[in-house]
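Residue numbers (my numbering), protein chains in the order written: chain A, 1 to 194; chain B, 195 to 388; chain C, 389 to 582; chain D, 583 to 776; chain E, 777 to 970; chain F, 971 to 1164. Backbone N, C-alpha and C fix where the C-beta goes; we use that ideal spot for every residue, glycine too. Just so it is clear, the structure is predicted and the values come from calculations on it, not from any experiment. Notes for the one structure printed next.
Shown next, in the form of structure tokens:
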């Protein structure tokens, strides 16, 4: 790939504050590479810290949503926001969590046609609506979620993840963040081999 | 007003973690009341902390944008997102920073017609476009900002504030956050008396 | 404010036809100032007369809608049409008629979240839909109004006011009409003091 | 045709106020029939009078626009507003004024492809933009009109006609006004025979 | 008319392959003239053959839809796609099949207000939705068609015709195809004389 | 995958007309499997024949566009039409023709950010505009293509492919066509191994 991973300067690992460097090394140890969202956002350490604190608060908390469902929200809303980094990177994470090599592309292109449960359809209907026209969320939209068994706290989770990636998609478009090559294939081959 | 300030439980001050309670008391000391965004988001302390850390990172940093300009971005993008809390609360803050009782309503309704500088028009054009159709930001949009003297770091600030309030507007719509009565009049009377 | 109140020549009071001058002096006697819509539209006396004849026919007639409700329609539809003059001037009139310093900003920004009755919500849903996509009004939209007790004549009033301000908003955008400074504060202080 | 010409009561000629009846008889004498806009709007005499006063003020005044050009604006903006009455009735009038049996259908469907002058293209670009998204009219739109030789007063005419038919299209949608059968064929046969 | 019927070269009848020339002479024998869609698309003989094969497969097959209903779909979807050739040419064919001089203009401008059956309204609702936002067709849309008695094969016909004219409208816009003068009057005079 | 590949009956290979069966066996011999577009469209043999005749006329002809570029058009326009079958199947074909495991996902999500040439950007800008709002194509859009060296015949190819997949996307949404599992991985692994 010839395009840079960000329009902004990308700091070297050794020039970063200790806490940020450690966070990166931890993710590298786990994933085998450092996702570009870490290295590109590190250009602004305070915003970096706040972003990942927000991310972890929503994505790692105990929730009525599985981790695969949370990634589905990220992929579906990033899809309607046409955000390459978030669709490609979180598509990979979704494939891994869902142990399903097909679902990420389906959800990114058109969640209505995806091979997912009715409950997940309702969840993504709500998320996509909040993502693109936040003012249009109405009582009837909440009612559809409750009919599928989502609690008020689950609805906060759905909305909160959508809101965080509304921020994230805009930052990625702003700096023209590019996805690591590794993400394109992750979760496709192993599962497909089964 | 008969509607509650949030669809979710609003914690009592005494039940909150120490750091959050202190942050609230500090803002109360300064403003004379606690803006509802503090008490309503405190329902989720970790998200509260991340939100205000992000907010302060962008709104309090040294920047090529004045504080009034940063609030203009909040008001204009919250206007196109039809977010009552953010328009009303940040409209008040904008009136105070700009020492101008008219500009907030103008910017909220239609920034193109507002009595602001060409540079500020360009800034809000960019912000509003990123707010509603993030995928549509192109090189030509950045070029217009640079023609007005904005640096690359200023552009990050404009985009970052827009992105943060993309999150904030969605949270406010999600929980149906309402503005404190105090905000409606703030910055209108004193300045108008001059 | 440095911007002119219209892109077109603004006639002097003494140069106007007798009937138009008298209409202006009457409103000045009542309001304490002449709203800019009078002085700017007077550039074309025949259109001025027709506009205010239409206005008075709808806004002063006996109707199933209160005067506050009629102003709500003006504010909500002018809000979605992003018309500064109409939102600011009629927002002031709405505050006065409704004896409520909050409702105008709420209705202008997002009527769905405003602290108004279900009946008024339905009225504004219909008005806003007719304002932006007139072709989309269907039998089901009229049915919702009738469920809230609106008669066929009330529906004509709702639609007629929306139609008149569709005209008015376009004229205001066309000539870049600006609101008088007085409107920004009208109906805010007195009521808030109660 | 089985559908009524209005959802509202249509007054009998003999029950109407003298001035309105005379206006109708005059148009009948000239056209050979009474266009439905007269009989349907007569349900509300005051609004009727104001509407036709506004209409005549714009459509009959001395102007830099020919009468055919004014009707083009009506047809093009009513086309994008999907208003059957206005497209069909004013399409007929346009065919007659322009002595051209093709131009009305072309302008109603897509004015960009119509066989009209560059000047008229610019005029309709402005009108259609003001008709659907009034807030989007900018200095650059006015500049394009001036490049085609339109004066500031001509621009008011273009905008004023657009604004009036924004009102008219909404009234026609509201009451489901239907066009007289006569309009469908008017201006097609005679000219085609040449 | 001064504009050419296509932006691309229009082949002479004698230069065309035998099968294409024969197809044109056949339609000329029947209609009295060769519709411009034949002469303009003949610039690319292979695409010409495929287009008319597709057209005949859908428009001439045994179907639960009458030929007038199939033309209604063409006119309604070409109307929302603002395609002059298809609205004008197929409007004429619709008038002839339906033996109704009014229905084509009504359907082209706003099918919701047209004087057609409830079944036909449902058919056009589906077609217009598929035409403009194909991704939005949902189970509930199919259910509405079935409630009106349409079979699954009928739904394929409705969708297939819509899809074919999605192609056709784009080709017509691409090459700026113009309608023959004859179409404007076809089916208007004879029927009107009855 | 539990969802069927079409809402309509899928004919057995042995029940198909000879020419269609042979076409399928040919593609199976080449690709190793029969893409679902063949088996699902075969429900209507005449439409099947016309569709593939059209497809081959555009996709196999000598052209100023490479085969990879033609597939880019399919992927980009199917992306904005949210069509799972076409994005996934043609994404695979694009990866193979372009010998590039990344480009298909990039083009499907947001072609503006994709790592492609300026010429290809212009080509996709035109295609995507024609795909979603065919009426908006103007002389200035054609001029941009010519500046990048595209000939008039190339522009017909770009528009023709866009038009054909406007049809194809609508058929796929109509019958809820699903992509073969094989497509998800095709062109990813081999190239990535280089």
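Residue from the options with nearest C-alpha to residue i
i: residue 593 of chain D; options: D:617, D:624, D:619; result: D:624
i: residue 588 of chain D; options: C:549, C:575, C:544, C:560; result: C:544
i: residue 637 of chain D; options: C:443, C:434, C:572, C:427; result: C:434
i: residue 565 of chain C; options: C:416, C:449, C:477; result: C:477
i: residue 791 of chain E; options: E:898, E:928, E:884, E:815; result: E:815
i: residue 531 of chain C; options: C:521, C:522, C:520, C:514; result: C:514
i: residue 454 of chain C; options: C:498, C:507, C:423; result: C:507
i: residue 304 of chain B; options: C:418, C:561, C:412; result: C:561
i: residue 960 of chain E; options: E:914, E:923, E:811; result: E:811
i: residue 317 of chain B; options: B:266, B:225, B:334; result: B:266
i: residue 536 of chain C; options: C:418, C:485, C:505, C:521; result: C:505
i: residue 449 of chain C; options: C:432, C:563, C:542; result: C:542
Other residues of its chain near residue i: CB distance less than 7 Å, five sequence neighbours each side excluded
i: residue 363 of chain B; result: 272, 275, 277, 280
i: residue 194 of chain A; result: Note that residue 194 of chain A scores a pLDDT of 39, beneath 50, so its modelled location is shaky; the value from the coordinates is reported in the next line. Excluding sequence neighbours, residue 194 of chain A sits near nothing in its chain.
i: residue 227 of chain B; result: 374, 376
i: residue 718 of chain D; result: 711
i: residue 1021 of chain F; result: 1011
i: residue 359 of chain B; result: 268, 271, 272, 280
i: residue 167 of chain A; result: none
is_contact[residue i, chain C] using C-beta, thresh 8 Å
i: residue 808 of chain D; result: Because chain D spans 583 through 776 in this model, residue 808 of chain D falls outside it and cannot be assessed.
i: residue 375 of chain B; result: yes
i: residue 732 of chain D; result: no
i: residue 312 of chain B; result: no
Per-residue burial, residue i [other beta carbons within 10 Å of its own, 16 or more giving buried]
i: residue 9 of chain A; result: exposed
i: residue 802 of chain E; result: exposed
i: residue 479 of chain C; result: buried
i: residue 3 of chain A; result: exposed
i: residue 1045 of chain F; result: buried
i: residue 1159 of chain F; result: exposed
i: residue 262 of chain B; result: buried
CB contact below 8 Å: residue i versus chain D
i: residue 777 of chain E; result: The predicted model places residue 777 of chain E with a pLDDT of 49, which falls under 50 and marks its position as unreliable, so this point remains unresolved.
i: residue 929 of chain E; result: no
i: residue 430 of chain C; result: no
i: residue 811 of chain E; result: no
6 Å Cβ shell around residue i - same chain, five flanking residues per side excluded
i: residue 677 of chain D; result: 683, 686, 769
i: residue 926 of chain E; result: none
i: residue 1076 of chain F; result: 1084
Cutoff 8 Å: residue i Cβ touching any chain B Cβ
i: residue 485 of chain C; result: no
i: residue 573 of chain C; result: yes
Contacts around residue i, its chain only, beta-carbon distance under 8 Å, and the 5 residues preceding and following it disregarded
i: residue 745 of chain D; result: 712
i: residue 49 of chain A; result: 19, 20
i: residue 652 of chain D; result: 640, 641, 645, 739, 743
8 Å Cβ cutoff, residue i in contact with chain F
i: residue 101 of chain A; result: yes
i: residue 968 of chain E; result: Note that residue 968 of chain E has pLDDT 44, beneath the 50 cutoff, so the model's placement of it is unreliable and no number is given.
i: residue 827 of chain E; result: yes
i: residue 22 of chain A; result: no
i: residue 822 of chain E; result: yes
Test: residue i CB closer than 8 Å to a CB of chain E
i: residue 978 of chain F; result: yes
i: residue 1028 of chain F; result: yes
i: residue 752 of chain D; result: no
CB contact below 8 Å: residue i versus chain A
i: residue 1099 of chain F; result: no
i: residue 259 of chain B; result: no
i: residue 989 of chain F; result: no
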